[in-house]
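Note sheet for the following structure.
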Amino acid sequence: MLGLVTGTFIASLGLYLLHSSGTVTGGTAGLSLLLSYAAGAPFGVVFLAVNAPFFVLAAWKKGWNFTLRTITCVAAVSALSSLHPLALGTLHLNPAYGALAGNLLAGLGLLVLFRHQASLGGFGILALLIQDRFGFRAGYTQMVLDVLVVLGSLAVVSWPMVLLSAAGAVILNIVLAFNHRPGRYTGS
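Residues in the sequence shown are numbered consecutively from 147, following this note's numbering.
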C-alpha cells in the first residue's frame, strides 16, 4: 500500500509541475493535459475519463489485482491534482524546469507503481502488456506512444513548449527504459 501511495504522490506532483508550467508529456497524462488546456476542464476529471476505457483492457489482460490497483492509482492522481494547487498555491515555473522536473517525477512515480504491479492506466497498461507478450521494454513502447501525443500537442501549445515537453518525455521514458526490466525485483 505504501508503494502505491508513494508512486501516485510522486507522479501527481510531477503532473502538477507540468500543468503549472504549461507543458505536456506523453501517454494518457499528456493527452489529458492537452484536453484540459483545450477544453478548460479540470485535469483530474479528464485524466479519469481518458483512462476509463483502458481499465477493461487491464482487467482482460493483466487481471483484477493489477486493474484494481491501477484504478485506485488513477483515482488518487485525479484527486491529488486538485489537492496540490490548494497546498502549494499557483506556481509560476520556468517551463524548462517544469517540463524536465515534472517528467522526471512522473517517471519515478510510474517506476514505483510498476514495481508494485500497478500503473497510471492507459498507455502504461498497453506498454506493460507489450512487454509481457513480446519482451519489448515498457519504456520504449511508452516512448513511441508519447512521441505521437507530443506531436499532437502542436495543435494546442506553442512549438517551444512542445520541444520542452518532448525533452521531458524523453527523460521520463529513459527512467523507465533503464530501470524497469522484467524479473529485476523478483530475485530472478
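From the three backbone atoms N, C-alpha and C, an ideal C-beta is built for every residue, glycine too. Computed from a prediction, not measured in an experiment: that's the story for all the values here.
Problem set entry | Endpoints, alpha helix (DSSP H) assigned at N342 | Because residue 342 is not part of the residues shown, which for the chain are 147 to 334, the question remains open.
Exercise. At a cut-off of 7 angstroms, is G235 close to the ligand FMN when judged by its beta-carbon and the heavy atoms of the ligand?
Worked result: The ligand FMN is not part of this structure, which contains no ligands at all.
For this session: Tell me where the alpha helix (DSSP H) around S265 begins and ends.
Result: Per DSSP, S265 belongs to no alpha helix (DSSP H) and is neither H nor E.
For this session: Tell me, to the nearest whole angstrom, how far the beta carbon of D292 is from that of G173; I am working on the premise that it is less than 8 angstroms.
Result: 6 angstroms
For this session: Measure the alpha-carbon distance for L300 versus A312 and round it to whole angstroms.
Result: 11 angstroms
Exercise. Taking contact to mean at least 3 C-beta pairs separated by less than 8 angstroms, is the region 235-252 in contact with the region 282-291?
Worked result: no
Exercise. Roughly how many whole angstroms lie between the Cα atoms of T152 and V258?
Worked result: 7 angstroms
Exercise. How many whole angstroms separate the CB atoms of G268 and F200, which I take to be in contact at a CB cut-off of 8 angstroms?
Worked result: 5 angstroms
Exercise. Straight-line CA distance for H230 to D278?
Worked result: 34 angstroms
Exercise. Less than 8 angstroms separating the beta-carbons of K208 and L274?
Worked result: yes
Exercise. If you drop the 5 nearest sequence neighbours on each side, which residues of the same chain put their C-beta closer than 6 angstroms to that of V196?
Worked result: T174, L177 and S178
Exercise. Cα-Cα, which of L318, F193 and L322 is closest to L246?
Worked result: L318
For this session: Could you tell me which of A323, V321 and V170 sits nearest to Y243, measuring between CA atoms?
Result: V170
Exercise. Secondary structure at F212, three-state DSSP: helix, strand or coil?
Worked result: helix
For this session: Give the straight-line distance between the Cα atoms of S167 and L214, rounded to the nearest whole angstrom.
Result: 31 angstroms
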